[in-house]
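**Student:** Take 1 as the starting number for the sequence shown in the UniProt record's numbering and just add one per residue. One structure follows; several queries about it will come next.
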Amino acid sequence: MGGSGVTGDYIWALAAAKALRFPVIVHKAEGVPSWVTAEDLVVAISYSGNTYETVSCAREAKARGATVLSVTSGGKLASWAKENGLPLALIEPGYYPRTALGMLAGATIGIINSSGIKIAADKEVEDAADALRSTSRGEGETIARALAGKDIYIVAGCGLFDIVAHRWRQEFSENAKAITKTEFYPESAHNDMVVWQLLHNVRKGFVLIEGDGRVCAVLEDLLRQIYNDQRDTVVRVTPRGNGVLAQLLQGSLLGGYTSTYLAMFNGVDPRDTSITGRYKEALEKAGLS
Ligand SMILES: O=P(O)(O)OC[C@H]1O[C@H](O)[C@H](O)[C@@H](O)[C@@H]1O
């Protein structure tokens with residue numbers, strides 16, 4: 001879920017790029033899908049280790065006989081994995097989950113690689129680290145300055161880069177408390193795009209995450225025109241780096257910096273996500289923990 005769940009999206013993208021001989025499914029809900037059996041490998045990822053959906057997924061997967069790997073900084077997930085003698089990648093505690101992206105991705109790749117499935121080579125991880133190091137807070141500050149003070153934000157991504165758009169929406173929500181919607185292309189060309197047939201009289205900040213491939217190139221040209229016709233701010237972002245992992249992580253980190261500066265410019269505390277505590281309390285009251 002949230003900042004931990006996006007790690008699953010990166011693994012899905014890596015697997016898709018490598019054409020592994022089996023599918024990778026990202027599951028962001030309690031329990032496991034009905035088809036999970038002893039033949040499956042399940043990776044439970046929760047920074048805190050206390051996210052109900054993730055812990056219940058790990059428990060249920062084990063009950064079905066699946067192999068379960070866990071990635072966490074502690075909490076219930078770590079205790080459960082230790083009690084059951086299951087593989088566990090422990091990462092440093094004390095961060096906000098959404099800021100632990102590099103550790104979560106690194107530890108998840110490490111534990112999957114050590115299970116015998118080569119999900120990423122050392123070189124890809126090093127390239128990703130280089131791409132992260134090349135990303136400055138100032139880049140995020142510049143984008144945030146252009147986007148400050150809007151009523152709504154629209155983040156569009158194409159192909160694999162819809163993962164980055166998704167991450168930007170999460171970061172704009174959690175850090176900047178900004179009303180943000182995502183458009184995932186090419187799918188959104190068949191529905192969400194129609195919204196822009198009308199000129200909407202609210203202040204809009206568009207972020208266009210630019211990806212690869214012929215369909216995305218066509219769409220990005222078109223979207224630049226369509227968004228410009230809305231007579232508001234359009235920012236183009238091209239994720240940098242050598243390889244899929246590097247580009248996904250670099251684009252994501254830039255979203256983190258941008259959303260944090262946006263929070264500051266909009267006079268909002270980026271750390272406070274207290275409303276999610278109400279969900280966690282409601283779950284506990286319902287006996288779900
Ligand atoms: O990442 P976890 O510790 O599993 O927590 C899952 C999610 O829970 C909360 O709702 C936080 O606001 C998110 O930032 C976090 O990612």
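Beta carbons: idealized from backbone N, C-alpha and C, even for Gly.
For Tyr-96, which three-state DSSP category applies?
**Tutor:** Reduced to three states, the DSSP call for Tyr-96 is coil.
**Student:** Check whether the Cβ atoms of Ala-131 and Ala-16 lie closer than 8 angstroms to each other.
**Tutor:** In this structure, Ala-16 does not lie closer than 8 angstroms to Ala-131 by Cβ.
**Student:** Kindly indicate which three-state DSSP category Gly-205 falls into: helix, strand or coil?
**Tutor:** Strand.
**Student:** Rounded to the nearest angstrom, what separates Gly-49 and Ala-81 at their Cα positions?
**Tutor:** Each residue's alpha carbon lies about 10 angstroms from the other.
**Student:** Report yes or no: do three or more beta-carbon pairs, one from the segment 122-130 and one from the segment 152-163, lie closer than 8 angstroms?
**Tutor:** Taking 8 angstroms as the limit for Cβ pairs, the verdict is that the segment 152-163 does not touch the segment 122-130.
**Student:** Does the beta-carbon of Glu-83 have 16 or more other beta-carbons within 10 angstroms, so that it is buried, or is it exposed?
**Tutor:** Exposed, because fewer than 16 other Cβ atoms sit within 10 Å of the Cβ of Glu-83.
**Student:** When you measure from the CB of Ser-274 to every non-hydrogen atom of ligand 1, does any distance come out below 7 angstroms?
**Tutor:** No; taking the cut-off as 7 angstroms, the Cβ of Ser-274 has no heavy atom of ligand 1 nearer than that.
**Student:** Which term fits Arg-98, buried or exposed, when burial requires 16 or more other beta carbons within 10 angstroms of its beta carbon?
**Tutor:** With 16 or more Cβ atoms within 10 Å of its Cβ, Arg-98 is classed as buried.
**Student:** Give the DSSP-derived three-state secondary structure of Tyr-227 in the structure shown.
**Tutor:** In the structure shown, Tyr-227 sits in a helix (DSSP, three-state: H, G or I).
**Student:** Report whether the distance from the Cβ of Pro-97 to the nearest heavy atom of ligand 1 is below 7 angstroms.
**Tutor:** It does: the Cβ of Pro-97 is within 7 angstroms (strictly closer) of some heavy atom of ligand 1.
**Student:** Is Gly-241 close to chain B? Criterion is C-beta to C-beta, closer than 8 angstroms.
**Tutor:** Looking at the structure shown, chain B is missing, and only one protein chain is on hand.
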